[in-house]
Each structure stands twice: as structure tokens, then as C-alpha cells.
Amino acid sequence: MIAVMEDGMVRGAGEVMGSHDVRAYRRLALSIPGAVEGSHMGAPDFRVGKAMGGKIFATLAYGHKGLGTLMLSPEQQAMFVAEAPKYFSVVAGGWGKSGATLVRVDAPENVLAGALSTAFQAVVAKQAVKKSVGTKSTAKKKA
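Under the working numbering, the first residue of the sequence shown is numbered 47, with each subsequent residue one higher.
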């Protein structure tokens with residue numbers, strides 16, 4: 047039996063999730079065209095390609111606990127948590143309020159793939175808005 051404990055740890059038969067779940071999460075993240083693996087504070091992360099800003103869309107900072115982290119919008123986060131609370135939860139603190147979401151890496155692959163794709167697209171969209179705003183500001187300064 048698998049359980050998500052109050053402290054956010056995922057346990058199954060007294061153990062944290064196996065490395066096979068982490069490998070599936072990594073494989074699915076890297077299967078997104080334009081996704082690259084990096085490292086943040088010693089933990090594996092997954093980023094949109096450098097051409098798109100190199101921003102993090104997912105991490106395995108809690109992989110040893112059987113959890114991945116997704117960078118979603120607060121609205122997307124609310125949808126995932128409401129629709130599948132068994133697999134998704136809000137990261138504690140300010141990061142969670144900004145959309146950082148925990149996902150169990152033992153979730154079905156179609157759930158993980160959809161969530162990772164959503165996180166990737168959320169970061170791409172956010173970068174596009176920043177670039178658009180920056181371009182408009184630069185154009186105004188030149189005028």
C-alpha cells in the first residue's frame with residue numbers, strides 16, 4: 047500500500063518510492079521536445095531549452111521521497127489538485143502559492159506526461175509574455 051504522509055513523504059511498504067519511478071519521471075520530462083536536464087542546488091531539474099530561456103518547469107528535488115515538483119500557474123495547480131488529489135499537492139509556503147506543485151512519481155505515466163507537458167507549456171508561455179513585455183519596453187525607449 048502507498049500513502050502520502052502528513053509531512054508530504056510518500057511511503058510504500060515502509061520504503062520511499064523506487065528509483066524506477068524517478069527514471070520514468072525523468073524519461074517523460076526529457077521526451078518533451080526542447081526539454082533539457084540541469085541541476086539546481088544539487089537536485090536534478092528539467093528546463094525549457096536555452097533558446098527559450100532555460101527556465102525550470104519540473105524538478106526531482108524530492109525524488110528520494112517519491113515526489114517531483116512541477117512549476118504550474120496557480121490556476122493549473124488548483125485544477126490538478128482538485129482533479130487528482132491522490133497524486134498532486136501544493137508545495138508549502140510561498141512557492142506553493144505561486145503554483146509549485148508536488149506530484150507523486152508513481153502516478154500513472156499518462157498523468158505524469160500530461161502534468162509535465164502542462165508545466166513545460168506554462169513556463170514557455172510565461173517566458174513569451176516576459177519577452178513580449180520586454181520588446182515593447184525597448185521599443186518605447188527607442189522612440
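The C-beta atom is built at its ideal place from N, Cα and C for all residues, glycine as well.
Over what stretch of residues does the beta strand (DSSP E) that includes residue i continue unbroken?
i	result
G140	Where G140 is concerned, there is no enclosing beta strand (DSSP E), although the alpha helix (DSSP H) it sits in stretches over 140 to 143.
A104	102 to 105
S135	134 to 136
G114	113 to 117
Grab the span of the alpha helix (DSSP H) containing residue i for me, first residue to last.
i	result
V151	That residue, V151, is in no alpha helix (DSSP H); it is neither H nor E in DSSP.
V127	120 to 129
What's the gap between the Cα of residue i and the Cα of residue j?
i	j	result
A174	D67	32 angstroms
P120	A165	11 angstroms
S135	A161	12 angstroms
L113	K143	18 angstroms
I48	A128	For I48, the predicted model reports a pLDDT of 36, less than 50, meaning its position is unreliable; a value from the coordinates is still stated below. Rounded to whole angstroms, I48 to A128 spans 20 angstroms at the Cα level.
S178	K172	10 angstroms
M125	G84	28 angstroms
K96	Y108	24 angstroms
F92	G139	22 angstroms
P131	G80	29 angstroms
R72	W141	22 angstroms
H86	K176	22 angstroms
So residue i and residue j are supposed to be a Cβ contact under 8 angstroms. How far apart are they, rounded?
i	j	result
L74	L158	5 angstroms
P90	L106	4 angstroms
V137	T115	7 angstroms
Q122	G145	7 angstroms
Looking only at DSSP bridge pairs, what is residue i linked to?
i	result
E83	F92
Enumerate in chain order the residues of its own chain whose CB-to-CB distance from residue i is below 7 angstroms, with the five nearest sequence positions on each side excluded.
i	result
A153	Y133
V169	V94, K101, F103, M117
I78	L162, S163, F166
Near residue i, which residues of its chain fall below 8 angstroms by C-beta distance, leaving aside the five closest residues on each side in sequence?
i	result
E70	With the sequence shown as reference, residue 70 is identified as Ala, and Glu is not the correct amino acid for it. Only V151, E155, L158 meet the Cβ criterion.
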